[in-house]
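The block underneath contains the structure these notes are about, expressed in C-alpha cells.
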Amino acid sequence: MTGAGALTRRAVVTGIGAAIGLPFCGGAGFAASPTGTKLHGLSAFGDLKYAPDFTHFDYANLDAPKGGVFNFSPPYWFYNQNAMTFNTLNSFVTRGDAPPRMELCFDRLMRRAWDEPDAAYGLLAESVEIGDTRDSFTFHLRPEARFHDGSPLTADDVAFTYDLLKREGHPQLLLPLRHFVHARVVDRHTVELKFSGKQSDRLILTVVDYPILSKAFYETHPFDSSEVRAPLASGPYKVGRTAPGFSVEYDRVEDYWGRDLPVRRGLDHFDKLRIEFFRDRQAGFEAFKKGDIAYRQEFTSKTWATEYDFPTLREGKVIKREFPGELRPSMQAWAINTRRAKFADRRVREAINLCFDFEWTRKNMFFGSYQRSHSLFERSPYRADGPPSPEELDLLKSLPSDVPEAAFGEAVTLPESDGSGRDRRLLRRAVDLLRDAGWVRKNGFFRDEDGNTLALEIMVNAPVFVRVDTPFVENMRAIGIDASIRLVDAAQYQARQSSFDFDMTSVAFSFDATPTEDQLAQFLHSDAANLPGSRNYPGIADAAIDALIGHVGRAKDRKSLTIAMRALDRVLRARLDWIPNWHSANHRAAFWDMFGFDEPKPDYWFAPEEMWWFDEDKARAIGKD
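Everything in the sequence shown is counted per my numbering, starting at 1338 for the first residue and increasing by one.
Spelled out as C-alpha cells, the structure:
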C-alpha cells in the first residue's frame, strides 16, 4: 500500500547509475547546444537519443489498431486533480477537484520522451532556438496546429498561457515560473519566452511541458474552479460525457492535427478513455471484479495478497501481474506540519517516528511486501549512504550554520524495531526525547508549560489508512501523545492539504530521473512553505535547503547533480520534516485480458492509457467484445 497524493500513488522507481547508459545518437543536448540554432529537441546532459529525422519513439507501436474503450482507475494525477471525485474541469488552478487525465486534452510546446531521463522533442514547436545569453528561448510553431473547434493555435495562445499561469496557475505550474519574465510574440507562429537569468539551466525542460490554453476561450470564460464546461483544447483527446463526482469520458479526436507527428505516432489508440470515481477503494475493486473497470493498479497489499482470487481471474479472463517500476527517485512520506509550534522541535518529530513499528506492520499488514524507506529519493543514485564523500562534505560545510550535525556523519537511517509492535526500547527513547524538548507528562499525556496537550491528528482519506495507522496511534497514546486519526472525504482531504490544515498527512511522488530545481522547490523550498496548494506540506523554510536546491539547479553534469542531491538527502533525513515510509520496486497491476501492449515498457514512464490498445480477438475470447 502506498499513500495517495495529488501527485500520485506512485511506487514507480528503481535505481539508475550516476551515468545513464542510453543508446545515444545524433543531436546536441541542451547543456552543449549552440545558441541561435534551430533544435528539434532539448536534453539536460549529453546527446539526444532521437535524431532530427526520427519518425516515432521506439516504445510507440505504429501497427496497433485504433478503437475500443479503456475504463481504468488512474494511479497518478497532477495539479488539482482528484482520483475520488471532481467538481471542475479546470485542472490548472489551485482550488477545486478536477478529474485525472485532463492533461491529455492539451498539447505542449514539446513532449518528454519516456525512454530518456531528461529529453523533450518538438510537438507544437517544430524547433526551438536558445538565445545568446541562454536566458531566452524562441519557439517556431507548426502552422498546422489547431484547437478542437478548427481555430488555429498561434503564438498569441502560447504567450497568453504563460502569462496567465504565472499569475493564476496551480503552484505546480506557478512556482517554476518565478524567474519567467515575459512571453513575446514575434509573429503568428513564433514566440519567445524570456527568463531573468536566475533560473536553472534545466528549467526550460519543465516549462515546455506546460499545457497550452486557448486565449479566445479564457477571454470569455473564467479561469477558476467554477468552470464545469469542457475547455477548448488541442490535444489527442477531448472531454466527452461527464457526470461530476461520478464519471468522465475522454473521446479520441479523430482528426487530431498532430496525430502523425513523430512524438505522437503509434500512441493514443483507444477511442474512449473512461474514469469512474469511487469514494472507497473497496468499491472500486468490486467494480473491477465485475468488469465495470478494466484496468487498475493495486496499492493495498492486503487486497493484492488475499483478494485476487475470484472466478474470472482463475479462468484467465483477468490478468494479475507486476510491471517494472520506473528509473526515477521515489518518495513516500508523512509530512508533519511544522507551522504548528508543537511540531517545530526536531526531537518531537523523531519521537513521533519512533512510535511507528515498520517491521511489525510489514509482517502483519503488508504481507511481507514493501521495503523501509530511509530517503525521499529511494531507489536512485541520489540516496545518500554511509559517510559523506569529500565533495559532499565540502558542499555541506559551505551551507549556513543551521545544518543539523547529523548531516555530516553517516546518513541518518530510521530505527529498526524488534517487530513486536511495541518495542519498549524505541518507545523509551521517544519519551526521553519529548522530555528533553520540554514536555511534561501529566494525567496520562505530555503537556507544555501552559498545560496544552501534545495532540496529533493523522488526516487520511481512505479506511485502509485507518487500519494501517491505528497501531501507530496506539503506540503514540501509550507514551503520552494524544494521537488520533481523522478520516475525511476526498474533496475535504485535498482542500485541507492545499491550505495546510492538518497535523500530519501522507504523500507519494516520483521525481524526474534528473530532478530539477523547480520540482524540488514544490516540496522543499521556503518560497513554497506558505503558498496554498504547494506540496511543501511540512512548511520547510530553511536557508540551507534552499541553497542545496540552488546547487541542484546549477549542476552542469550528472556528477555534480548527484553530489548536490545526496547532500540534500542528508540534510532532509537529519531534519525529519518529512518522515519516509516504505517503497516497492514494481507496479502491481490487474486488467481484463483484452488489451495489447509491447514489452519491455519504457524506463521512465508507464501510461497504459496512451501506449496499450484494444485487442478485439482477446476481448471476444473472454466475452467482452
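Glycine is no exception: its CB is placed at the ideal position from the N, C-alpha and C atoms.
Remember, predicted model here, so these are calculated numbers, not experimental data.
Exercise. Which whole runs of the beta strand (DSSP E) in the region 1752-1796 are 3 residues long or more, in chain order?
Worked result: 1777-1779, 1782-1784
Exercise. Near PHE1497, what residues of its chain come up, given a Cβ to Cβ distance below 6 Å and the 5 sequence neighbours on each side ignored?
Worked result: Shown here for PHE1497: same chain residues with a beta carbon closer than 6 Å to its own, the five before and five after excluded, namely LYS1552 in chain order.
Exercise. In three-state DSSP terms, what is ASN1812?
Worked result: helix
Exercise. Where does PRO1945 land, buried or exposed, given buried means 16+ other C-beta within 10 angstroms?
Worked result: buried
For this session: Please go through the region 1813-1864 and give each complete alpha helix (DSSP H) segment of 4 or more residues, from N-terminal end onward.
Result: 1827-1835, 1854-1861
Exercise. For GLY1534, is the classification buried or exposed, using 16 other Cβ atoms within 10 angstroms of its Cβ as the cut-off for buried?
Worked result: exposed
Problem set entry | 8 Å contact criterion, which LEU1379 and GLY1603 should meet: CB distance rounded | The Cβ separation is near 22 Å, so there is no contact.
For this session: Ignore the nearest five residues each way along the sequence and tell me which others in PHE1660's own chain have a CB closer than 7 Å to its CB.
Result: ASN1923, HIS1924, ALA1926, LYS1938, PHE1943
For this session: Give me the Cα-Cα distance between TYR1830 and PRO1800, rounded to the nearest whole angstrom.
Result: The alpha-carbon atoms of TYR1830 and PRO1800 are separated by roughly 13 Å.
Exercise. Helix, strand or coil for SER1562 per DSSP?
Worked result: coil
Exercise. Between the C-alpha atoms of ARG1316 and LEU1736, what's the straight-line distance to the nearest angstrom?
Worked result: Outside the modelled stretch of the chain, which goes from 1338 to 1962, sits residue 1316, for which no answer is possible.
Problem set entry | Candidates GLY1746, GLY1705, LYS1734, LEU1713: closest to PRO1725 by CA position | GLY1746
For this session: Return the first residue and the last residue of the alpha helix (DSSP H) that THR1543 is part of.
Result: 1540-1544
Problem set entry | Residues near PRO1360 in its chain [Cβ-Cβ closer than 8 Å; skip 5 each side] | Because the pLDDT at PRO1360 is just 30, under 50, the model does not fix this residue reliably, and the point stays unresolved.
For this session: For GLU1728, name the three-state secondary structure that DSSP assigns.
Result: helix
Problem set entry | Rounded C-alpha distance that separates LEU1898 from VAL1544 | 20 Å
Problem set entry | Cutoff 6 Å; reference PRO1389; Cβ partners in own chain excluding five residues on either side | HIS1377
Exercise. If we ignore side chains and look at the alpha-carbon of each, how far apart do LEU1885 and ASP1879 end up?
Worked result: 10 Å
Problem set entry | Of the residues THR1643, GLY1758, ALA1381, TYR1874, the one placed nearest PRO1808, counting alpha carbons only | GLY1758
Exercise. To the nearest angstrom, how far is it from the Cα of LYS1639 to the Cα of GLY1468?
Worked result: One C-alpha to the other measures close to 54 Å.
For this session: Would you kindly work out how many angstroms separate the C-alpha atoms of MET1948 and ALA1456, rounded to a whole number?
Result: 19 Å
Problem set entry | First and last residue of the uninterrupted alpha helix (DSSP H) at ASP1524 | First-last for ASP1524: 1517-1524, but that is the beta strand (DSSP E), not the alpha helix (DSSP H).
Exercise. How would you label CYS1362, buried or exposed, when you count the other beta carbons within 10 angstroms and need 16 or more for buried?
Worked result: Any reading at CYS1362 needs caution, since the residue's pLDDT is 36, under 50, leaving its predicted position unreliable; the model's value is listed next. CYS1362 sits exposed, since fewer than 16 C-beta atoms from the chains shown fall within 10 Å of its C-beta.
Problem set entry | Contact set for PHE1693: own chain, Cβ-Cβ below 7 Å, skip 5 residues either direction | PHE1809
For this session: Out of VAL1685, LEU1530, GLN1708, state which residue places its alpha-carbon closest to the alpha-carbon of ARG1471.
Result: LEU1530
Exercise. Is the region 1680-1699 touching the region 1861-1871, taking contact as three or more C-beta pairs under 8 Å?
Worked result: Counting C-beta pairs with one atom in each stretch, the region 1680-1699 and the region 1861-1871 have fewer than three that are closer than 8 Å, which means they do not touch.
For this session: Go ahead and label GLN1708 buried or exposed: buried means 16 or more other beta carbons lie within 10 angstroms of its beta carbon, across all protein chains shown.
Result: Residue burial annotation: GLN1708 is exposed, with fewer than 16 other C-beta atoms found within 10 angstroms of its C-beta.
Exercise. Tell me which same chain residues have a C-beta within less than 6 Å of the C-beta of SER1537, skipping the five on either side of it?
Worked result: Short of 6 Å from the beta carbon of SER1537, and not among the five residues preceding or following it, lie these beta carbons of its own chain, in chain order: GLU1854, GLY1890.
For this session: Within its chain, find whatever has a CB closer than 8 Å to the CB of ASP1722; leave out the 5 residues flanking it on each side and keep chain order.
Result: Excluding residues within five positions, the ones whose Cβ falls inside 8 Å are ALA1748.
For this session: Could you give the DSSP three-state label for MET1668: helix, strand or coil?
Result: strand
For this session: Could you pull out every residue in the same chain whose Cβ sits closer than 7 Å to the Cβ of HIS1507, ignoring the five residues on either side in sequence?
Result: TYR1416, ASN1417, PHE1429, VAL1430, THR1431, GLY1870
For this session: Can you tell me which of LYS1609, ILE1549, LEU1824 puts its alpha carbon nearest to the alpha carbon of PHE1484?
Result: ILE1549
For this session: Note the first and the last residue of the continuous beta strand (DSSP E) segment covering GLU1659.
Result: 1655-1661
For this session: Identify whether VAL1495 lies in helix, strand or coil by the three-state DSSP scheme.
Result: helix
For this session: Could you check what DSSP says for GLU1505 in three-state terms: helix, strand or coil?
Result: helix
Exercise. Is ASP1588 helix, strand or coil by DSSP?
Worked result: strand
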